[in-house]
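Counted the way my numbering counts, the sequence shown spans residues 1 to 626.
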Amino acid sequence: MNRYPVWKYAIILIALVVGGLYALPNLFGESPAVQVSVAKASLKLDAAALARVEDALKAAAIAPDAVSLEGASIRARFGSTDVQLKAKDAIQKALNPDANDPSYVVALNLLSRSPAWLTALHASPMYLGLDLRGGVHFMLQVDMQAALSKRAESLAGDIRTTLREKNVRHSGISRAGQTIDIRFRDAATAESARRIIQDQFAELTTVETPEGTDIKMVASIKPASARTIQDQALKQNITTLHNRINELGVAEPVIQQQGLDRIVVQLPGVQDTAKAKDILGRTATLEIRMVDEGTEARSAELGTAPVPFGSERYLERNGAPVIVKKQVILTGDNLTDAQPGFDNQTQEAAVHLTLDAKGARIFRDVTRESVGKRMAILLFEKGKGEVVTAPVIRAEIGGGRVQISGRMTTVEAADTALLLRAGSLAAPMEIIEERTIGPSLGAENIAKGFNSVTWGFVAVAFFMCVYYMLFGMISSVSLAFNLLLLVAVLSMLQATLTLPGMAAMALVLGMAIDANVLINERVREELRNGASPQAAIHAGYDRAWATIIDSNVTTLIAGLALLAFGSGPVRGFAVVHCLGILTSMFSGVFFSRGVVNLWYGRQKKLKSVSIGTVWRPDSENQVTTN
1 MNRYPVWKYA IILIALVVGG LYALPNLFGE SPAVQVSVAK ASLKLDAAAL
51 ARVEDALKAA AIAPDAVSLE GASIRARFGS TDVQLKAKDA IQKALNPDAN
101 DPSYVVALNL LSRSPAWLTA LHASPMYLGL DLRGGVHFML QVDMQAALSK
151 RAESLAGDIR TTLREKNVRH SGISRAGQTI DIRFRDAATA ESARRIIQDQ
201 FAELTTVETP EGTDIKMVAS IKPASARTIQ DQALKQNITT LHNRINELGV
251 AEPVIQQQGL DRIVVQLPGV QDTAKAKDIL GRTATLEIRM VDEGTEARSA
301 ELGTAPVPFG SERYLERNGA PVIVKKQVIL TGDNLTDAQP GFDNQTQEAA
351 VHLTLDAKGA RIFRDVTRES VGKRMAILLF EKGKGEVVTA PVIRAEIGGG
401 RVQISGRMTT VEAADTALLL RAGSLAAPME IIEERTIGPS LGAENIAKGF
451 NSVTWGFVAV AFFMCVYYML FGMISSVSLA FNLLLLVAVL SMLQATLTLP
501 GMAAMALVLG MAIDANVLIN ERVREELRNG ASPQAAIHAG YDRAWATIID
551 SNVTTLIAGL ALLAFGSGPV RGFAVVHCLG ILTSMFSGVF FSRGVVNLWY
601 GRQKKLKSVS IGTVWRPDSE NQVTTN
């Protein structure tokens, strides 16, 4: 009657092994580390850079626990935060001799101490939130008016190009704030322009007013379109922040919208506030200029003459100087997309750029007039520029498609495309709130949360063992199994555990044991009614199952509502709450019955079960089963 088939015990064993493996990394903790990543797209981390880091640490008499090249960063681990800070200063001085023009990002971080064999199994510890791990918190204000002004400026250029192509003459186009003023000589021309604008620029609305002998047309962005532009600017800024923060190696950053024009950025584990600010404020822009190929420029490239007036000197990726003219032909504002790819002829890594209407027209005209001359494509980061490539123009290039290639690996092409595509912000932002949470405070929160869960578990287990005896011990083992599964699932999903999440974990303990209380009381009820021990166990589990399902499903619905509509601490609570309900149903019913069946099911003539005192109202005496 009370026996499990072998496959059910196999499921329990697999769950126990997998849960133990993926929960194990959380016991090893984290070690202070210094992380090195490139600050410029032209650089890359290799064995030579790793050797420079090791030499810098050796020169400073600092012995790291480990130094390794992991992905796109070099990570040096240390035994304490004091050694970590000294190592950061030593590496910073060695890799960035010029503090105003850093080539590498040297940041503080915390890394898992899990052994390599666990890492090979993709077993990683849970991510800890800002309140547990420490880190920095920023509140950013997005300038929405600047986003609208920027869009109006772009539309003004597009309208100018469109009217020229349609042979519609105007007396001038200018931008006044977020509106575009267009002047015409007569009403017929103004009407033609109005129809063109309505047809090709649906986001604009126009109003015509006489101004002396001319007609002034004021084009403004529609309210619905303005809201769309603001939403897109906010989303682009969030995407850009995600891309930039990846350089810091933050395991689980929190970047989310707050209100209509604010962004919250939380960087757990980041201790270097200045570096975090630097990353958030990074810009990457593109400029296209013509190469100065005059005699004086040639001499300047060789270093035998000064740079001629109206030109500037920049370096290529290989270190060779290039003299380019100051006049900027195109900027990154004319880019609509940038994707990595390959050159169709040479099969070299390349970056494919897509220009807007204005940029495509300018690029076509310039390339038509400059066949046989060199054009330089420059990438600027933090005010420092370098020549990515300087190809010779072979023919007119139209269609708005431009290719950057030459001396570029596939990784460099992908990085360059990323910087160009999402390296600039859609609208300026400023930090209006800044908070730093130290790792000591986070460690204190972890200790308090751990103690609350531990003592809650001990108190519940003690009560269950005293009140239900052996069945209480089995319930306590099921509760421990539930906690193991919950930690394992959180680690497998790489969910972020916050202080509200730890509160939810303590709450789950109480909710999980409730299922076993229902089962134990059902078994007692069957025994009270005169059923045999085996029949009481069977009926107790079967009849309690419906009640357990109802109570857990209703609680899960409330948790899913918190998960869907909540944010921040509420969402952190809801994640642990929902997962805890699912694991408690498995451990409280399936696992506990497996243990009971294993202990009592093999006994053919079972006379009693150890479930505490069975109270019988029709008798003055109580029966204690043991």
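Even for Gly, the Cβ is constructed at its ideal location relative to N, Cα and C.
#### Entry: Integer Cβ distance of Gln35 from Arg75, believed to fall under 8 Å
About 5 Å separates the two Cβ atoms, so the contact holds.
### Message
By the DSSP assignment, the beta strand (DSSP E) with Val136 in it spans what residues?
### Response
From DSSP, the beta strand (DSSP E) with Val136 extends over Gly135 to Val142.
### Query
Since Gly129 contacts Leu490 with CB under 8 Å, what's their CB separation in whole angstroms?
The beta-carbon separation of Gly129 and Leu490, rounded to 12 Å, does not stay under the 8 Å limit for a contact.
### Query
In whole angstroms, what separates the C-alpha of Gly612 from that of Asp65?
Taking the straight line joining both Cα atoms gives about 54 Å.
#### Entry: Delimiting residues of the beta strand (DSSP E) encompassing Arg313
Unbroken beta strand (DSSP E) run through Arg313: Ser311 to Leu315.
### Message
Here's the rule I'm using: 16 or more other beta-carbon atoms within 10 Å means buried, otherwise exposed. How should Asp46 be labelled?
### Response
Around the Cβ of Asp46, a 10 Å sphere holds fewer than 16 other Cβ atoms; the residue is exposed.
### Runs of beta strand (DSSP E) wholly within the stretch 433-491 (minimum 3 residues, chain order)
Every candidate beta strand (DSSP E) stretch fails here, since none sits fully inside the stretch 433-491 while reaching 3 residues.
### Task
Work out the CA separation of Leu479 and His577 for me, nearest whole Å.
The C-alpha of Leu479 is placed about 15 Å away from the C-alpha of His577.
### Message
Can you tell me whether Phe28 is buried or exposed? The criterion is at least 16 other CB atoms within 10 Å of its CB, across all chains shown.
### Response
The residue is exposed, with fewer than 16 neighbouring Cβ atoms inside 10 Å.
### Message
Considering just the uninterrupted stretch of the alpha helix (DSSP H) at Met627, what are its terminal residues?
### Response
Residue 627 is absent from the model: the chain starts at 1 and stops at 626.
### Query
Roughly how many angstroms separate the alpha carbons of Ala188 and Arg374, rounded to a whole number?
Their backbone Cα atoms lie some 45 Å apart in a straight line.
### Task
Pull up the CB-CB distance for Ile245 and Leu267, whole angstroms please, since I reckon it's below 8 Å.
Contact flag correct, Cβ pair sits at about 7 Å.
### Query
Quick check: the stretch 181-195 against the stretch 460-469, are there 3 or more CB pairs under 8 Å?
The way I'd put it, the stretch 181-195 doesn't touch the stretch 460-469; fewer than three beta-carbon pairs between them come closer than 8 Å.
### Task
Just mark Thr213 as buried or exposed, buried being the case when its beta carbon has 16 or more other beta carbons within 10 Å.
The residue is exposed, with fewer than 16 neighbouring Cβ atoms inside 10 Å.
### Query
Would Ser80 be called buried (16 or more neighbouring beta carbons within 10 Å of its own) or exposed?
In the assembly as shown, Ser80 is an exposed residue. Its beta-carbon has fewer than 16 other beta-carbons within 10 Å.
#### Entry: Bridge-paired residues (DSSP) for Arg75
For Arg75, the pairing in a beta bridge is given by DSSP as Gln35 and Ser68.
### Message
Please classify Leu704 as buried or exposed, where buried requires at least 16 neighbouring CB atoms within 10 angstroms.
### Response
The structure shown has nothing for residue 704, since the chain only spans 1 to 626.
### Task
Taking Tyr127 as the reference, give the member of Ala39, Ala531, Leu111 and Val596 with the closest Cα.
The shortest Cα separation from Tyr127 among Ala39, Ala531, Leu111 and Val596 belongs to Leu111.
### Query
Asp356 and Thr336: beta carbons closer than 7 Å?
Yes, the Cβ-Cβ distance between Asp356 and Thr336 is below 7 Å.
### Task
Please work out which residues of its chain come closer than 6 Å, Cβ to Cβ, to Val17, disregarding the five sequence neighbours upstream and downstream, and give them in chain order.
Spatial neighbours of Val17 in its own chain (CB-CB distance under 6 Å, excluding positions within 5 residues in sequence) are not present.
### Message
As a quick exercise: from Val371, Val402 and Val387, pick the residue whose alpha carbon is nearest that of Ile393.
### Response
Selected option, being the one with the closest Cα: Val371.
### Message
Please tell me whether Pro25 and Ala123 are closer than 7 Å, where the distance is taken between their beta carbons.
### Response
The answer is yes: Cβ separation under 7 Å.
### Message
Just verifying my parser: in three-state terms, what is the DSSP assignment at Ala15?
### Response
Helix, per DSSP.
### Message
Once DSSP output is grouped into helix, strand and coil, what is the label at Gln236?
### Response
Look at Gln236 here: in three-state DSSP terms it is helix.
### Query
Taking Cβ to Cβ, would you say Gln230 is nearer than 7 Å to Met144?
Yes, the pair counts as a contact, with Cβ atoms nearer than the cut-off.
#### Entry: Assigned secondary structure, Ile180 (DSSP; H/G/I helix, E/B strand, else coil)
Under the three-state reduction of DSSP, Ile180 is assigned to strand.
### Task
Would you be able to state if there are at least three C-beta pairs under 8 Å between the stretch 135-154 and the stretch 586-599?
Counting Cβ pairs under 8 Å, fewer than three are found: no touch.
### Query
DSSP puts Ser174 in a beta bridge; with which residues?
Listed as beta-bridge partners of Ser174 by DSSP are Asp181.
### Start-to-end residues for the beta strand (DSSP E) that takes in Val83
The continuous stretches of beta strand (DSSP E) do not include Val83, which lies in the alpha helix (DSSP H) extending over residues Thr81 to Leu95.
### Query
If you follow the beta strand (DSSP E) that Thr213 is part of, which residue opens it and which one closes it?
That residue, Thr213, is in no beta strand (DSSP E); it is neither H nor E in DSSP.
### Task
Give me the Cα-Cα distance between Ala107 and Ala59, rounded to the nearest whole angstrom.
If I take the Cα positions, the gap works out to 20 Å.
### Task
Can you grab the Cα-Cα spacing for the pair Ala539 / Gly530, in whole Å?
A direct Cα-to-Cα measurement between Ala539 and Gly530 gives close to 12 Å.
### Task
Take Asn451 and list the residues in its own chain whose beta-carbon comes closer than 6 Å to its own, dropping the five residues that flank it on each side.
Its chain contains no residue whose beta carbon lies nearer than 6 Å to that of Asn451 once the 5 sequence neighbours on both sides are disregarded.
### Query
Tell me which same chain residues have a C-beta within less than 8 Å of the C-beta of Pro308, skipping the five on either side of it?
Asp292, Gly294, Glu296, Ala297, Ala300 and Ile323, listed in sequence order.
### Message
So the candidates are Leu241, Gln256, Thr205 and Asn334; which of them puts its Cα closest to the Cα of Ala224?
### Response
That would be Thr205, whose Cα lies nearest to the Cα of Ala224.
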